[in-house]
Structure formats: C-alpha cells, structure tokens
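In case it helps, the numbering used here puts the sequence shown at residues 1153 to 1503. Ideal Cβ placement from N, Cα and C applies to all residues, glycine included. Encoded as structure tokens, the structure appears first; notes follow it.
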Amino acid sequence: MSTIADLEKVVRDALDQIEHPALKETLLDLGMFDRIEEDAEAFTVHLKSPDSDRKAQIQLEAQIRGFLTKASPGKRVKIRFTVDESLKPEEQGNRIRGVKNVIAIGSGKGGVGKSTVSANIAAALKLKGLKVGLLDADIYGPSIGKMFGVPGKLALQGDGKNKIIPFEANGIKIISFAFMLAPEQAVVWRGPMLGKAVEQFLYEVIWGELDVLLIDLPPGTGDVQLSLAQLVDLDGAVIVTTPQNVALQDASRAASMFQQVKIPILGVIENMSEFQCPKCGHVTNIFSRNGGAAMSAKLSVPELGSVPLQKEIMDSGEDGLPITLKDPDGLVATAYKKIADKILVEVEKFK
Ligand SMILES: Nc1ncnc2c1ncn2[C@@H]1O[C@H](COP(=O)(O)OP(=O)(O)OP(=O)(O)O)[C@@H](O)[C@H]1O
Ligand SMILES: [Mg+2]
1153 MSTIADLEKV VRDALDQIEH PALKETLLDL GMFDRIEEDA EAFTVHLKSP DSDRKAQIQL
1213 EAQIRGFLTK ASPGKRVKIR FTVDESLKPE EQGNRIRGVK NVIAIGSGKG GVGKSTVSAN
1273 IAAALKLKGL KVGLLDADIY GPSIGKMFGV PGKLALQGDG KNKIIPFEAN GIKIISFAFM
1333 LAPEQAVVWR GPMLGKAVEQ FLYEVIWGEL DVLLIDLPPG TGDVQLSLAQ LVDLDGAVIV
1393 TTPQNVALQD ASRAASMFQQ VKIPILGVIE NMSEFQCPKC GHVTNIFSRN GGAAMSAKLS
1453 VPELGSVPLQ KEIMDSGEDG LPITLKDPDG LVATAYKKIA DKILVEVEKF K
C-alpha cells in the first residue's frame, strides 16, 4: 500500500480511536487532522495541535505510530504538529462538553431522602422541557436506578469506542454504580480506583447536550465528594435535610465541606417536613418544625423549598416512577417544580 489516500484512511482511523488526554475527545473529533504530503523519501502527516505541550504531542505520536504498523506505506512516515489554538475548547477547566450546569445533591446524613429528592428534581426539570442527566454517585447504596425502574445490573451499550451510552428513562439520562454491580456484590472501591470510576462516569458517558446534570452524592463528606470536586467544576450544591436537629447538624457538616472546596451552595431543601393525614387532612409536624429554614439562615443560603412526608412518595420510589412524573399536577410535583425553578435561578447567580 502506498497511496496518500490509503495512508490517510489509516491515520484517520487512528485519530478516531485515540483520545486526547487533557481534552477527553478523540483527536479526529477535535479536528486535529490537517493533511498528508508525499515526497521521494517520506510521507509527512500534518496534524494540528490544540496546545504546544511537546510531551503530550510525543505521547500522541507514539500512539499514532502504533496504528501505522497496520499500514505499509513503503517509505518513512513523519508526523508534524502545528499549534492551532482554535481547536482548544473555549471553556477552560474541568467542564463536561455540552453540559451547561453540574449540580450536586448532598446531605451530611444518610436516609434523609436525598436520592428521592434528586430523582424528583430531575423529573421536574424534565417536565419544564429541559435536557436532564442524573448521575448516581452513591457507591455504597446506589438507588437511582431502582427509582426509575431498573433495580440492578444493566447491560449498558457502548458507542464502539470507549464511551458508554447512558440508560434513558422518561427522557432522563441516567448512570448509576448499581448498573455495574451484581445485586449482592460488595463495593470495595477506594481512593484512586474510586476517583477513576467517578471520572469515567463524568467524562466517558455520552451525556450529549444537557441543561442540567444532577449528581446524587453518597451521604457524608467522604472520598466521592472530594474526587468530584477535583474532577469537575460543580456549578453548585444543594443540601437536603430533615427538620430535626440531628439531621441539621449533619447537614451543616456537608455545607462546610462544600464551602471548603469552594462549591457554591445553592440552598437547602427540607424533606419530610410535615405529615398530612390522608383521611382527615390534619397536619402533623412529626419531626419538629422549620429545620430547613433554620439551616438556610445559619448558612446564609436560600431556602429552596420543602417536601411533605407522604406515603405516595415512598411508594413511587418502589414503583420505578418518581411521583413528580406519576402525578405531574399533584401537590408534591408542584413543590418540586418550584424547587427546580429556584435552583435554576440560584445557579445563574454564580455564573
Ligand atoms: N418526602 C418523603 N415522604 C415519604 N417517604 C420519603 C420521602 N422522602 C424520602 N422518602 C423515603 O425515605 C427513604 C429514604 O430515601 P432516600 O433513599 O431517597 O434517602 P437517601 O438520603 O438517598 O438515603 P441514602 O443515605 O441511603 O442514600 C426511602 O424509602 C424513600 O422512599
Ligand atoms: Mg441515596
């Protein structure tokens, strides 16, 4: 084989399979191919480089040469890089391409309803016509899949390269650690492995164009939170609490962690606020009152809203359809729509 066209095909194929280490896109998608020239001694492959990082270029060249063994050009192949800054994505820092807002949902303590709240906010944003993704980053107790009708492991499709196509339910794109695990499999990911897994969920999933990517965090202030803060520019965090004092203390621990890693706190959601008897309509404040308001005052952040304690909310978590989608004009859905609107307003303030 010796024509330029043949060599170009092999080069393009190589560029299509090699991902740029910093920009997380294939070299072909980045537009790095320029042209191939031929003279008596050699072919010269001209590539455009988004930056002048010579070390990265040498590494890429070695990877491309690995593919060139498939070609038999008959003469030497030189690879030349020319810096072309226009290839560099405009957004700097750790942004996921195409994703406008990344918002984490956290709590200091487990069981306050963080996953239920995440699923319903995703649903409310979807009802508003936005493009929504939901990343279940709770390695210890992933539950988002179940809330959308996928209780366990899922055969996720790839794109034939290195990327994963997320599961889609009711138009919401979802990824969960649970999709990767057999039901009883213990989770032993720690430190670097965990960071790698989180990184894959952020950058190796084809999220496409999203208005909002919500991240359901594990409870507490552990490794996943820190990995996330390092790996991606979070546009904000939402804190879920229940009205009683103990939960409040834990929530403020979560808040101080977000403050330390400089993630704006968009506000506080009080979940399981009050119980309205379905028979007589009497309202009972099972766990004291106004914890969310106290918390947001203490942190000087907005109250995003409150969600009542309702059996239907719990049931819908088991049924695989968040209540906001099941009963989109009901009381709870209305509360979530208001919360979603507030989140969108608050996140803009930090742009
Ligand atoms: N407002 C509510 N009314 C009634 N039940 C609720 C409400 N919010 C959450 N629940 C129920 O409480 C339980 C815990 O909720 P969820 O799993 O969302 O909490 P979590 O904070 O994500 O927990 P974990 O810390 O285990 O991740 C679930 O059974 C859920 O259905
Ligand atoms: Mg949860």
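Cβ-Cβ separation, residue j to residue i (assumed contact under 8 Å), whole Å
i, j, result
"residue 1187", "residue 1198", "5 Å"
"residue 1367", "residue 1446", "Not a contact, Cβ separation roughly 26 Å."
"residue 1375", "residue 1346", "5 Å"
"residue 1284", "residue 1205", "Going by Cβ atoms, the distance from residue 1284 to residue 1205 rounds to 35 Å, so no, they are not a contact pair."
"residue 1433", "residue 1299", "At roughly 28 Å, the Cβ-Cβ gap does not stay under 8 Å, so residue 1433 and residue 1299 are not in contact."
"residue 1220", "residue 1289", "Residue 1220 to residue 1289, Cβ: 40 Å. No contact."
Cut-off 7 Å between Cβ atoms - residues of its own chain near residue i, not counting five sequence neighbours on either side
i, result
"residue 1392", "1257, 1259, 1264, 1265, 1266, 1269, 1421, 1423"
"residue 1168", "1178, 1180"
"residue 1227", "1193, 1194, 1195"
"residue 1400", "1393, 1443, 1446, 1447"
"residue 1231", "1197, 1199, 1213, 1216"
"residue 1499", "1253, 1255, 1387, 1388, 1418"
"residue 1182", "1172, 1175, 1202, 1239"
"residue 1354", "1248, 1383, 1384"
Same chain, Cβ closer than 6 Å to residue i, five either side skipped, listed in chain order
i, result
"residue 1329", "1291, 1294"
"residue 1163", "1197"
"residue 1156", "1188, 1190"
"residue 1461", "1424, 1427"
Reduced DSSP secondary structure (H/G/I, E/B, other) of residue i
i, result
"residue 1234", "strand"
"residue 1478", "helix"
"residue 1155", "coil"
"residue 1252", "strand"
"residue 1168", "helix"
"residue 1162", "helix"
Chain-order list of residues whose beta-carbon lies under 8 Å from that of residue i (same chain, five-residue window excluded)
i, result
"residue 1315", "1356, 1357, 1358"
"residue 1282", "1363, 1364"
"residue 1130", "Since the displayed the chain opens at 1153 and closes at 1503, residue 1130 lies outside it and no answer follows."
"residue 1431", "none"
"residue 1310", "1316, 1317"
First and last residue of the uninterrupted beta strand (DSSP E) at residue i
i, result
"residue 1282", "Note, residue 1282: premise wrong, no beta strand (DSSP E); not H, not E."
"residue 1368", "1362 to 1368"
"residue 1419", "1417 to 1428"
Opening and closing residue of the alpha helix (DSSP H) in which residue i lies
i, result
"residue 1344", "1343 to 1355"
"residue 1223", "That residue, residue 1223, is in no alpha helix (DSSP H); it is neither H nor E in DSSP."
"residue 1182", "Neither: residue 1182 is in no alpha helix (DSSP H) and is coded neither H nor E."
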